Amino acid sequence: MSTVLQQLFNALALGGVYALVALGLTLVYGVMRVPNFAHGGLYMLGAYLTYAALTGLKVGFLPALLLSALGVALLAALMERVIFHPLRNAPHVHPMIAAIGVLFFLEALISHPRVFGPDFKQIAEPLPGIVNLGGVTLTWQRLLIIAASVLVMLGLNYFLKRTLTGATIEAMSQNREGARLVGINTNRVGMLTFAISGALAATAASLIAPINAVTPGMGEVMNLKVFAIIILGGMGSVPGAIVGAFLLAFTEVFGGFYISLDFADVIGFAMLVLVLALRPQGLFRKGT
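Per full-length UniProt numbering, the very first residue in the sequence shown carries number 1; after that it's consecutive.
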């Protein structure tokens, strides 16, 4: 039982990271109808900016995380203005190709020897050590990930449901043209949505970086998983992104534990195929 509980906490930590990244991606798709394939690059950049702040500026983990989230948010907003806004009336394949180009550009930039180089980086755990909860041994970092991801998700829910700015984002996700006709500044909302998306990706990367190595290719792997998550949960559905994230995390962790770690990713995607075969529209409808 203690082993099962330990895997449960591991799955909750992994699901929290997946949920933060998937929420950013599903917000952008829901509001802008853009499948942002550069999202994994923003996630990767968030981890490297945290590493740079810790090693270069010598700040603590929390200031480094906040600086990373702010930096990636600004870059994401700029990306919306410079790349996606001019392509808003182009065929759907154009912004998709542009986003893939941004992903490869960010990877090449980070891999350059004069920037960070191709070698992996390691970030020290801000809360080293372990804690024993009823016979279950956990690291403080995983508990931090669970707590932080829940707080961020609750904060995002409050922002979307209880603030005027959040209401404009939801209104635009439901009817972009109708939102524009009632006076909502759709350009500002688009930039804000991309900024929030980037901040969520950077936060998730910063939280998981002390556990996993920071590499230039980490964004590609996350891209595949979060796109699987939002398809599983229902394209554009915020609750669906959260449920899909934890469902994939639980499948990977428990499948890897009971079957084989080598097949953890395969098991997760097999679950995705099975669910979509039974429910092609995903678990939730958009907007639910």
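Just so it is clear, CB atoms sit at the ideal spot from N, CA and C, and this is done for glycine as well. Please read these numbers as outputs of a predicted model, since none were measured by experiment.
| Query | Result |
| --- | --- |
| From Leu65, Pro280, Phe257 and Ala264, pick the residue whose C-alpha is nearest to that of Thr3; which is it? | Phe257 |
| Report the residue from Arg114, Pro128, Glu107 and Arg279 whose alpha carbon sits nearest the alpha carbon of Ile211. | Pro128 |
| Would Gly15 and Ala241 be called neighbours here (beta carbons separated by less than 8 Å)? | no |
| Under a Cβ-count criterion, where at least 16 other Cβ atoms within 10 Å of its own Cβ denotes burial, should Thr163 be classed as buried or exposed? | exposed |
| What does the alpha-carbon distance come out to for the pair Arg88 and Thr186? | 12 Å |
| Could you tell me which of Leu20, Ala11 and Gln7 sits nearest to Asn223, measuring between CA atoms? | Leu20 |
| Which of helix, strand or coil does DSSP assign to Thr163? | coil |
| Residue ranges of each alpha helix (DSSP H) run of no fewer than 4 residues wholly in the stretch 70–147, ordered along the chain? | 93–111 |
| Would you call His39 buried or exposed, if buried means 16 or more other Cβ atoms sit within 10 Å of its Cβ? | buried |
| Could you tell me which residues DSSP pairs with Val214 in its beta bridges? | Lys121 |
| Please list, in chain order, all residues of the same chain as Val253 whose beta carbon is under 7 Å from its beta carbon, the five residues on each side excluded. | Gln7, Asn10, Ala11 and Leu14 |
| Is the stretch 192–208 close to the stretch 37–52, with three or more CB pairs under 8 Å? | yes |
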